[in-house]
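*Asks:* Handing you this structure, nothing more for now.
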Amino acid sequence: MNQSSERSLNFIEQIIEEDIRNNKNESRVHTRFPPEPNGYLHIGHAKSICLNFGLGKKYNGLTNLRFDDTNPTKEEEEYVKSIMNDIRWLGFDWEDRLYYASDYFNHLYEWALKLIRNDKAYVDDQTVEDIRRQRGTPTRPGLESPYRSRSVDENLDLFQRMKNGEFPDGTRVLRAKIDMSSPNMHMRDPVMYRILHASHHRTGDTWCIYPMYDWAHGQSDYLEGITHSICTLEFEIHRPLYDWFLDQLVKEGEYRPRQIEFARLNLSYTVMSKRKLLELVKEGIVDGWNDPRMPTISGLRRRGYTPESIRSFADRVGVAKRDNVIDVALLEYSVREDLNKKSDRRLAVLDPLKVTLTNYPEDREEKLDAINNPEDDSKGKRQIPFSREIYIERNDFMEDPPRKFFRLGPGREVRLKYAYIIKCEEVIKDPATGQVVELKCTYDPETKSGMTRSDKKVKGTLHWVSAKHARDIEVRLYDRLFMQEDPNDVEEGKDFKYSLNPDSLKITTGKAEPALLEARPGDKVQFERTGYFCVDSKYTTSERIVFNRTVPLRDSWAKISNSTHKKK
RNA sequence: UGCCCGAUGGUGUAAUUGGCAACACGUCUGACUCUGGAUCAGAAGAGUCCAGGUUCGAACCCUGGUCGGGCAACCA
């Protein structure tokens, strides 16, 4: 149960192990991750990346990166770069096996010629509309095209002229000759090539016909020696076509790739489709593809997620064929688990309330020892300045605290982390608004951390920052982008943006201990008692340091106070 | 009313292939704590979509339903 080798296998591993036992494809395991460069990668892709590269590693095989770039009208170089960057960042390596479906355009063309010669493909002169109409419906068979029985020679001639650019876009296609009455729509003479006078990000203008997914994908797998072609469930119905194309090219008993489908990842309170994510970007609802609220890999990275946390998340969600919705709490658990071990602790007050220690000498200052990471002694200690005026968190004080509130209140005592025990003597309010603006407290000099009476029991420990030494930091507090568990579950006429959370981003200025100013973009720290934060790589400048909250700490007080709130 | 796939605690995944449901997250106790974090100890929570059948024995096999998802781009 604890050794990965003893852990039960998911259904894909079971298939692979059976193939290995049967010496299929000489017991090789070779997978691939085949993104289309038309958008940024998201956490769902991360699951697939971890799966494919993980399988390659586990079975001593290989994993290729292949860009599925058969549609020049949607694909861009920018996406290629971001995708490679994200995969590397996640910790995976395709070594020298970087491929593009467009690398195979020639090969694919030659093979298409072969199918035509074998009377397995034909050129159809009809319009898109005609073809669509003839395809039938899932419950009604399709009609054969009037061009279906053209001679091989005519097909050859026409297809070559399509390639030579003699016809305008949309005037002709090459179709596989299969079965217009198949109950599987994808077998009703699917289109193999369309005419597209478009410039391709890699092949430029050398082609004006481009292969369709079904024709390109399986053959690319074949050319690369892929053994297990893993994709998501919506391609399940394509598998007969995947196999049919291979049947035309592969001899019985020879090497052949195999398509296996698994259920894609869904996360509660988020959307995962590239189209919808693109919409959020284009409409300016978020701050680009790497907005820290986005489920994109670049967004999670900017938010402060670590590759390790994403990998362990992918591990935990498992692989199966049934539709699933993973609780975001699991993702959050995964980062906390990782960050707890790794990140240094710092004191920072997000919503400052001034506290004056009336019996602490005016101009006295102290340096107090603070532990960097209680989970990791090797991280050592640092010093934090202490003085008469400090800031504490506003919500660590209540004028009329309930029994279970273990923090500061009139007449109450609490410990200041690494410092003294203080007692609240007086509450100062703004006479106009009634808002608490300052607390007058006394400190007990005997209770300094490490001193004899420091073991005195108090209800709670607060984080704080010396006012004189405090530095301003910008803090960005993120919450879920959508308020509905399934943003797509909306009534007619409304779309997924209906439940957008207006408070998904709150920007405030906090007060931080001086050591925090040393943090560099991407650095991750725990603000003690508050959460994990990372230095934003986009808005941080030499004058202003910006922190993104990756995830708050688990907060059992919030749970208590929320549940009593609800009861009322 | 065609075809393909799926159905196991709140969520996700297991059950070594027919031996009487486990793990993780979440939830709830309690201990500990100079983070209401972490850690530790423990608990509740499913009898496996339904109905039949085969079997000494079924979450696993068979039959028939039910429910959910997918399929009609010259997208991937």
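Using the numbering used here, read the first sequence as starting at 7 and increasing by one per residue.
Note that beta-carbon positions come from the ideal geometry of N, C-alpha and C, so glycine has one too.
1. What residues in its chain sit with their C-beta under 6 Å from that of V552, if we drop five residues either side in the sequence?
2. P313 and M278 look like a contact to me (Cβ under 8 Å); what is the Cβ gap, rounded to whole Å?
3. Starting from the Cα of F392, find the closest Cα among I55, V35, D529, Y449 and give me that residue.
4. Should the stretch 434-443 be regarded as contacting the stretch 364-373, the criterion being three or more beta carbon pairs within less than 8 Å?
5. Here's the rule I'm using: 16 or more other beta-carbon atoms within 10 Å means buried, otherwise exposed. How should M457 be labelled?
6. What is the rounded straight-line gap between the Cα of Q140 and the Cα of I201?
7. Does the distance from the C-beta atom of P196 to that of I232 stay below 8 Å?
8. Check for me: the beta strand (DSSP E) holding Y512 runs from which residue to which?
9. Using DSSP with H/G/I as helix, E/B as strand and the rest coil, what is L356?
10. Threshold first: 3 residues or longer. Then list the beta strand (DSSP E) segments lying entirely within the stretch 113-187, N to C.
11. Taking just the CA atoms, how far does K53 sit from S33?
12. If you reduce the DSSP assignment to three classes, tell me which class H206 lands in.
13. Out of curiosity, what's the CA-to-CA distance linking V355 and T570?
14. What is the DSSP secondary structure of R555, counted as helix, strand or coil?
15. Taking its Cβ as the centre, do 16 or more other Cβ atoms sit within 10 Å of Q20, making it buried, or is it exposed?
16. Could you tell me whether the stretch 87-95 touches the stretch 199-215, using the rule of 3 or more Cβ pairs below 8 Å?
17. Taking the alpha-carbon positions, what's the P144 to D220 distance?
18. State the start and end residues of the unbroken beta strand (DSSP E) segment that holds A376.
19. Is the beta carbon of F640 less than 8 Å from the beta carbon of M404?
20. Quick check on the DSSP output: what are the complete beta strand (DSSP E) runs of length 3 or more inside the stretch 481-550, in order along the chain?
21. Does DSSP classify M218 as helix, strand or coil?
22. I'd like to know whether the C-beta atoms of L468 and L422 end up nearer to each other than 8 Å.
23. Using 10 angstroms around the beta-carbon of I236, count the other beta-carbons present and answer buried if the total reaches 16, otherwise exposed.
24. Could you have a look at L15 and say whether DSSP puts it in helix, strand or coil?
25. Please return the same chain residues whose Cβ sits closer than 7 Å to the Cβ of R270, not counting the five positions on each side in sequence.
26. For H469, which of helix, strand or coil comes out of DSSP?
27. Please state whether the Cβ-Cβ distance between D297 and G305 is less than 8 Å.
28. Would you decide whether L273 is buried or exposed? Buried here means 16 or more other CB atoms lie within 10 Å of its CB.
29. Where Y106 and L252 are concerned, what is the direct C-alpha to C-alpha distance, given to the nearest angstrom?
30. How would you label F17, buried or exposed, when you count the other beta carbons within 10 angstroms and need 16 or more for buried?
31. Count the C-beta pairs between the stretch 358-368 and the stretch 395-403 that are closer than 8 Å, then say yes if the count reaches three, no if not.
32. Straight-line CA distance for Y339 to N124?
33. From which residue to which residue does the alpha helix (DSSP H) around D450 run?
34. Taking DSSP's pairing of strands, which residues face P391 in a bridge?
35. I'd like to confirm the pairing. Which residues does DSSP put opposite Q254 in its beta bridges?
36. Report the option in S157, E84, E101, E135 whose CA atom is closest to the CA atom of I122.
*Replies:* On the basis of the data shown:
1. E480, D542, Y545, T546
2. Actually they do not touch by this definition, with Cβ atoms about 20 Å apart.
3. Y449
4. no
5. Residue burial annotation: M457 is exposed, with fewer than 16 other C-beta atoms found within 10 angstroms of its C-beta.
6. 20 Å
7. no
8. In the sequence as displayed, the identity of residue 512 is Lys instead of Tyr. Residues 511-518.
9. coil
10. 127-130, 179-182
11. 25 Å
12. H206 falls in the strand class under three-state DSSP.
13. 26 Å
14. DSSP places R555 in strand when its eight states are reduced to three.
15. Answer is exposed; the Cβ neighbour count stays below 16.
16. no
17. 19 Å
18. The continuous beta strand (DSSP E) containing A376 extends over residues 372-377.
19. This structure leaves residue 640 out entirely; the chain is present only between 7 and 574.
20. 511-518, 530-533, 537-541, all fully within the stretch 481-550.
21. coil
22. yes
23. I236 comes out buried.
24. coil
25. G50, T238, L239
26. coil
27. Their beta carbons are under 8 Å apart, which means D297 touches G305 by this criterion.
28. buried
29. 19 Å
30. exposed
31. Enough Cβ pairs lie closer than 8 Å, so yes.
32. 57 Å
33. No alpha helix (DSSP H) holds D450; the beta strand (DSSP E) holding it covers 442-450.
34. K373
35. According to DSSP, Q254 bridges with nothing at all.
36. S157
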